[in-house]
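Top to bottom, those sequences are chains A and B.
Residue numbers for the first sequence, in this note's numbering: 14 to 165.
Residue numbers for the second sequence, in this note's numbering: 15 to 669.
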Amino acid sequence: MVTAMSDENVGDARPGARRSNKQIKFFAGGAVVVAVILYLVITSIQGATAEYLTVGQVIAQEADSIVRVNGTILGDTIEWDAHNLTLRFELSDDTGRLPVFYQGLRPDMFRDGATAVVEGKMGSDGVFQASQILLKCPSKYEEKATDEASGS
Amino acid sequence: MIATTLGHWALTLSLVISIYGLVASVLGARQRVPELVRSGRNAIIAVAGLATVASACLLFLLLTRNYQVKYVYDTVSSYLPTIYVVSAFYAGQEGSMLLWMWLLAIFGAVVVVRKRSWNEELLPYVAAVVAGVAAFFALLLVNMSSPFELLPMNPGEGLGLNPLLENPGMIYHPPTLFIGYAAYTIPFAYAIAALVTGRLGSGWVRGIRLWSLFAWLSLGIGILLGAQWAYVELGWGGYWAWDPVENASAIPWFVGTAFLHSVMMQERRGMFKRWNIVLATLTFVLCVFATFVTRSGLIQSVHAFGQSPLGYYFLAFLAVVLGLVISLMLYRREEMLSTRQIRAFLSREFSLMVAILALVGIALAVLLGTLYPTLAELLTGRQISVGTGFYSRIFSPLGAAAMFIIAVCPLLAWGQSSSRRVLHALVIPALVALAFGVALLVAGVGPGHAVFGFSMCLFVLVSILIEFGRGWLARKRMTGEPYAVAFLRLVNKNHRRYGGYLVHLAIVIMAAGVVGSSVYKTDTTLSMRPGESVPVQGYTLQYRDFQIQPLPAKQRFAVTLDVSRGNRYLGAMVADKNFHWNVEQWVTEVAIRPGLVEDLYVILSGLDESGLATLAIQTHPMVTWLWIGGGILLFGTAWAMWPRSRERRSARRTK
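Structure follows, in structure tokens:
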């Protein structure tokens, strides 16, 4: 509101008037904004999605893309080294067992039988290198129902 | 069980009466029967009373810990401190819906009681919409998610609240959000009323100004309180994780922000009438969506649809609302044409249009990211997830653009601005920001995009301060008042403008906080034995002692660290980790040492009997700026809402 407002400017008050050619450029300006946002969304979402695979699919796959695997933690395979902060365990589902390695803190709800989602890449040694472990916690309050630990 | 019966009947009756209120209001207004209109209005007041009774019943059952009531059994236990019994009210889906309905009925009653000459024609339809929405919630509460459902027998003890919710933040965060959600029903109701009556001029916009500001403020503060809760209580080391529940509350806030601005276009220029209807509807629908998402887990998985009919109720509600709005908009399409048109790129109108498009774009992008996994699963059958990278890639450029618009838009005049004038006004902020950016780069502060972000924030900050200063000096010169008096009279003369500037200032401060905390966050994980000391990020942490102690509700694990920086001792930090017996769940109580520059944040991850502790030591720069910005936001919005003395007088006269 730098300048005083000339509120009743009768000249351009044309209710129901057809859009003049002059207006088109402003709509084009708006369209450019919309197009930029759309472009951002489309290009960003492509690089940011990770597919959920089964254990069998992870073991079978060739490409080393970042994937997520859903499975159950096998309690007797957990090896937690509190000194070096390394966590080794096996994740299982109907299709097999997957050895996982994770460097970082042991998540609170990490125990036998817990359902976990690990995100990461398959290593050449056949051990899945997890960058993130998400645990589904049995909470009735669904908000923030996942305990998250992310590798740094 | 008098309280359950009473509560149940209060809800049933409120369902019947809200349906009656809807019918009476519409019929009364159509047939011009003032008695029916009055009766419809009274129905809203009655529903507000009944919802109050039902809420009081639930609160009573919770406080008396009547475990035979399923909702009480689910959320309360005898270990739970009484103060958190209040937060148990809205810890579950049923209680949340009751809170929603109660707030809505109260707001509706306030609206219909405050009858004025300018809203007389609109009011019956406003009442009808409020009654309709209240009926929807009452139907859900009576039919499928009643908080008064009984268990076959009294189990004697409850499951108790999730210990994560035992935090002061959880007392304020959900109700503040819900106030925002419910209050957005009023602008929507006015939008429908304007469409039905064809009075699409400035009347309905006037009716909703305070309501939309109030709803926007509550929503914003609610989101911030949630972020603070996550930061302090959840203990994963952050305030925002882009999870569906957080996103669901942020989406209506962005659309609501766009709505606040597009309303200005209609008030001042008679433009954007369609936009206002669309944005009012969209904000409201997204608020309802957020409520459903939070409590029903609908977007976590498509399977939730199969398990609970709630999703179908929501879709039906959505279909009714959108169908109604679209058909009314088609019916009134002639009346919604603008009386003015945009005349120049360098105008308040065009820059507001860009701002509105950007805000809606951000909201829709977040919505897409949130729904993408569900949609992909529905369409392809494959499960995918969207990483947080998506949101940061969207937010960095759009946030910077939004900052630029905040700086430029207030400088532009309605109609047309001269480019020389605008450039002139931007020279100083641009030079200051540029000098600052170069200084940071020379000093070796990187990376480039963070420096750009900070410079952008400074650019906006300086341009707002110059706007303030210019008005202040002009007034001082003109009136000869002392500086302090001139300042107070200036900001008092135009509450909306200076309140708005303050809000912009708050947004800039928060934006700087977001840039700082997301770019410079550090995280060091390590293990320590008692007596050891480690250097982390310029601090020295010395492990003093540890504690493993059984308490009635939990097993407590704690370590005490002495923190110093250089030779200066800063104090002790105690990081806890508790195992709660009732839910068999770990809850981490992080230790935080807040500061303007950065917070030191210590998470205890593990502790064994020998005292070997595994810790995450994190620094979170500039997080405090978010909370400071939130305070300014609150004050600025309140200032913008506060009526000037002249308005107060005229309001009394028209009473």
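By construction, the Cβ of each residue, glycine as well, lies at the ideal position given by its N, Cα and C atoms.
Computed from a predicted structure; not experimentally measured.
Within-9 Å CB hit, residue i to chain B
i	result
A:E103	no
A:D92	Sequence check: residue 92 of chain A is Glu here, not Asp. Judged by the 9 Å Cβ criterion, A:E92 is not in contact with chain B.
A:Q36	yes
A:D121	yes
A:L118	yes
A:A30	Any answer about A:A30 is weak, because its pLDDT of 47 lies below 50 and its placement is not dependable; what the coordinates show is given next. Answer yes: the Cβ-Cβ gap between A:A30 and chain B drops below 9 Å somewhere.
A:I146	no
A:Y115	no
A:R110	no
A:I86	no
A:I72	no
A:A95	yes
A:K157	Since pLDDT at A:K157 reaches only 36, below the 50 mark, its modelled position is unreliable, and no value is offered.
Burial state of residue i, where buried means 16 or more other Cβ atoms lie within 10 Å
i	result
B:S160	buried
B:P189	buried
A:S78	exposed
B:N157	exposed
A:L147	buried
B:T19	exposed
B:H463	exposed
A:T56	exposed
B:M279	buried
B:R658	exposed
C-beta neighbour in chain A for residue i, strict 9 Å
i	result
B:Y557	no
B:V604	no
B:F331	no
B:A630	yes
B:L575	no
B:G212	no
B:I306	Per the sequence shown, residue 306 of chain B should be read as Phe rather than Ile. Not one chain A Cβ lies under 9 Å of B:F306.
B:P549	no
B:A654	no
B:I714	This structure cannot speak to residue 714 of chain B, because chain B is shown only from 15 to 669.
B:L479	no
B:I16	no
B:V99	no
B:G650	no
B:I617	yes
Residues that residue i contacts on chain B, provided the C-beta gap is smaller than 8 Å
i	result
A:M135	Within chain B, no residue comes near A:M135; the closest Cβ sits about 17 Å away, beyond 8 Å.
Within chain A, partners of residue i - CB distance below 9 Å
i	result
B:F364	F39, G42, G43
B:V533	Simply none; closest approach about 15 Å.
B:P443	Those within 9 Å of B:P443 in chain A number zero; the least Cβ separation is about 14 Å.
B:Y386	I58, T62
B:F359	K38, F39, G42
B:I642	Near B:I642 there are no residues of chain A at all, since even the closest Cβ is about 25 Å away, more than 9 Å.
Listed by chain order, chain B residues near residue i by CB distance under 7 Å
i	result
A:S57	F404, R407, I408
A:V54	A379, L382, I408
A:T128	In chain order: nothing, as chain B lies at least about 13 Å away.
A:L98	T539, S541, T628
Start-to-end residues for the beta strand (DSSP E) that takes in residue i
i	result
B:S578	568–579
B:V548	547–550
B:M587	582–594
B:A630	627–635
B:I356	Counting along the chain, B:I356 falls outside any beta strand (DSSP E), and DSSP gives it neither H nor E.
B:R558	553–564
Interface residues of chain B facing residue i [CB-CB closer than 9 Å]
i	result
A:V46	M367, V368, L371, A372, G375, A415
A:G60	G401, G403, F404, R407
Extent of the continuous alpha helix (DSSP H) run through residue i
i	result
B:M184	182–197
B:R130	Segment: none, B:R130 is in no alpha helix (DSSP H) and carries neither H nor E.
B:L516	509–533
B:P387	362–394
Contact set between residue i and chain A, taken where Cβ atoms lie within less than 8 Å
i	result
B:L393	Chain A residues near B:L393: none, gap ~13 Å exceeds 8 Å.
B:L412	I50, L53
Listed by chain order, chain A residues near residue i by CB distance under 7 Å
i	result
B:G620	A95, R119
B:W595	Going along chain A, no residue has its Cβ under 7 Å from B:W595, so there is no contact; the nearest lies around 15 Å.
B:W600	D121, M122
B:Q242	Within 7 Å Cβ-Cβ: nothing; B:Q242 doesn't reach chain A, min ~13 Å.
Worksheet item: For the segment 21–103 of chain A, which segments carrying the beta strand (DSSP E) assignment without a break, of at least 3 residues, lie completely within its bounds, in sequence order?
Response: Taking only runs of at least 3 residues, the beta strand (DSSP E) segments lying wholly in the segment 21–103 of chain A are 62–66, 80–86, 92–94.
Worksheet entry | Entirely enclosed alpha helix (DSSP H) segments - the segment 244–285 of chain B, minimum 4 residues | Segments of the alpha helix (DSSP H) lying fully in the segment 244–285 of chain B: 258–283.
Discussion item. For a minimum of 4 consecutive residues, which ranges assigned as the alpha helix (DSSP H) are wholly contained in the segment 40–111 of chain B?
Written reply: Segments of the alpha helix (DSSP H) lying fully in the segment 40–111 of chain B: 48–77, 84–89, 96–102.
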